[in-house]
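Residue numbers (our numbering): 15 to 181.
Glycine included, every Cβ here is placed at the ideal spot set by N, Cα and C.
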Amino acid sequence: MKEATLVLIKPDGLKKSLTGNILTRLSETKLDIIAARIVHVSAELAKKHYEALTDKPFFEDLIQYIRGEFHEKRKVMAMVYYGEGAINKVRALAGSTNPEEADAVSIRGQYGRITTKGVYENVIHASAHKKDAEREIKLWFQPEEIIVDLYSTKAGEKRTCNEVWAL
Ligand code: UDP
Ligand code: MG
């Protein structure tokens, strides 16, 4: 069955100019990109994304890391990949969480590092399983930003726009 997974190119990946390389590696999977955006990550979004790790000693550093506070790039590239076995395919390409233990030719093995503070700067996030993928995709994207109907939706309140494009 087709499934969706959230992929983030983290601030270190953007700072190291790895976007092209990472997208090329991901294209080996033959999965479809069904959503993409560049996101300035708020503290709220960062904490929700990593809420399962709240009690970990590295949590505060992790929030700073994903918000780009250790890099000049205060942004993340968020994407949804879709297709057969998408979650495991992307996780396998990404490699293990610890970049020193990751397969040398995985994305994290090739480009990740452990900082002197002990943070694993591993350039990419990939959802670990189906439940996480749904929770994470719903955090990072609104239904209309994804070109496949992944999850059930309900009518929303009409949004008021502060700005529209000038002619
Ligand atoms: N992380 C870290 N130190 C650790 C474990 C995790 O710095 O000991 C960071 C790392 O950037 C990782 C993120 O926290 O990608 C989320 O951790 P998780 O265990 O969910 O690993 P992932 O699912 O990203 O492989
Ligand atoms: Mg995880």
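Distance cut-off 7 Å: residue i Cβ against heavy atoms of the ligand UDP
i, result
"threonine 111", "yes"
"valine 133", "yes"
"asparagine 136", "yes"
"histidine 223", "What is shown of the chain runs 15 to 181, which leaves residue 223 out entirely."
"histidine 54", "no"
"tyrosine 95", "no"
"leucine 76", "yes"
"tyrosine 64", "yes"
"leucine 67", "yes"
"phenylalanine 72", "yes"
For residue j and residue i, believed in contact at Cβ under 8 Å, the rounded distance
i, j, result
"asparagine 153", "histidine 63", "A quick correction: the sequence has leucine, not asparagine, at residue 153. About 6 Å; that satisfies the 8 Å criterion."
"leucine 107", "threonine 43", "6 Å"
"glycine 109", "glycine 99", "Contact flag wrong, Cβ pair sits at about 17 Å."
"lysine 16", "tyrosine 96", "6 Å"
"arginine 51", "alanine 92", "5 Å"
"valine 119", "lysine 24", "Not a contact, Cβ separation roughly 19 Å."
Proximity of residue i and residue j at Cβ, strictly below 8 Å
i, j, result
"aspartate 46", "histidine 85", "no"
"alanine 140", "valine 21", "yes"
"lysine 131", "lysine 87", "no"
"tyrosine 125", "leucine 59", "no"
"lysine 89", "isoleucine 77", "no"
"leucine 40", "valine 104", "yes"
"tyrosine 134", "proline 157", "no"
"arginine 81", "alanine 66", "no"
"isoleucine 36", "isoleucine 121", "yes"
Residue i Cβ short of 7 Å to the ligand MG heavy atom set
i, result
"alanine 142", "yes"
Beta strand (DSSP E) segment containing residue i, residue limits
i, result
"aspartate 46", "46-53"
"threonine 19", "16-23"
Residue range of the unbroken alpha helix (DSSP H) whose run includes residue i
i, result
"asparagine 176", "Run containing asparagine 176: none; DSSP gives neither H nor E here."
"serine 41", "33-41"
"leucine 59", "57-63"
"isoleucine 80", "73-80"
Original post:
What runs of the alpha helix (DSSP H), each 4 residues or longer, lie entirely inside the region 85-157?
Top reply: 100-108, 121-125 and 144-154
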